[in-house]
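Residue numbers (the numbering used here), protein chains in the order written: chain Y, 10 to 123; chain Z, 23 to 135.
Ideal placement from N, C-alpha and C gives every residue a C-beta, glycine not left out.
First the structure, in the form of structure tokens, and then the observations on it.
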Amino acid sequence: DGGITQSPKYLFRKEGQNVTLSCEQNLNHDAMYWYRQDPGQGLRLIYYSQIVNDFQKGDIAEGYSVSREKKESFPLTVTSAQKNPTAFYLCASSLAGALGNEQFFGPGTRLTVL
Amino acid sequence: QKEVEQNSGPLSVPEGAIASLNCTYSDRGSQSFFWYRQYSGKSPELIMSIYSNGDKEDGRFTAQLNKASQYVSLLIRDSQPSDSATYLCADRRQGGSNYKLTFGKGTLLTVNP
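Pasting the structure below:
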């Protein structure tokens, strides 16, 4: 089955802890993205990567970090510096460059800070 | 900041009617436009993409694009209760060598049996 997987589905974190969200795709897509969604809000871009070993900040990168060591994987770390991390986190992938019009999403991780 | 605007709704239509969802965008450089459907608690699912002025039909869905007016719409014919969801509009714009999507906040559609 081709697709995007995210784990875990639900994650609970205590204040002051860093947590890492997993995103894996087997669609052979070069580009991967992380979004955050809050209730009643649209998707806001956190980080994106067009190619292995390269990534760019999106609109709300503060308090987050990413790596892109493999084409298939784009993990997101939510650090203790993120002021309000409780949200629904969505990973997406697409072809890169001018061909990469359509983004496809994983099932998401719901993070709750206790 | 360049925006994508949608009426938050809720938009309520009876089963079998046509649902009309609207979206405006502010960046004239936007090249591609997308409609995603998101059921409550789930991730967005791509249902339509449109790149040229005019209409694009796929089954019960028709996307309409008017670049001069910076307006995109989605029509759902013969609406079904299973169409009840939030519909997200997005545009794709180029920043240097990179491309990214900008999403509206979504319109909640309810189809009443």
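Through-space distance from residue j to residue i, alpha-carbon basis
i          : j          : result
Tyr-93(Z)  : Ser-52(Z)  : 11 Å
Arg-50(Z)  : Asn-88(Z)  : 11 Å
Thr-118(Y) : Thr-86(Y)  : 12 Å
Asp-77(Z)  : Asp-105(Z) : 20 Å
Phe-125(Z) : Gln-59(Y)  : 19 Å
Gln-86(Z)  : Phe-83(Y)  : 34 Å
Cys-45(Z)  : Asn-29(Z)  : 8 Å
Leu-123(Y) : Ser-91(Z)  : 46 Å
Arg-114(Z) : Ala-96(Y)  : 24 Å
Cβ distance (whole Å) where residue i is taken to contact residue j below 8 Å
i         : j          : result
Ile-69(Z) : Trp-57(Z)  : 5 Å
Gly-51(Y) : Lys-127(Z) : 4 Å
Tyr-44(Y) : Arg-53(Y)  : 6 Å
Arg-77(Y) : Asp-63(Y)  : 7 Å
Run of the beta strand (DSSP E) containing residue i, from where it starts to where it stops
i          : result
Lys-122(Z) : 120–125
Lys-78(Z)  : 76–80
Glu-25(Z)  : It is not in any beta strand (DSSP E) - Glu-25(Z) carries neither H nor E in the DSSP assignment.
Val-28(Y)  : 28–34
Tyr-56(Y)  : 52–60
Ala-101(Y) : 96–103
Glu-46(Y)  : For clarity, residue 46(Y) is Gln in the given sequence; the question names Glu instead. That run of the beta strand (DSSP E) goes 40–46.
Pro-84(Y)  : From DSSP, Pro-84(Y) is part of no beta strand (DSSP E); its letter is neither H nor E.
Cβ-based burial, residue i [other Cβ within 10 Å; buried from 16]
i         : result
Thr-14(Y) : exposed
Checklist entry - Quick one: complete beta strand (DSSP E) runs, 3+ long, within the region 59–109 of chain Z? => result Within the region 59–109 of chain Z, the complete beta strand (DSSP E) runs of at least 3 residues are 67–72, 76–80, 83–88 and 93–98.
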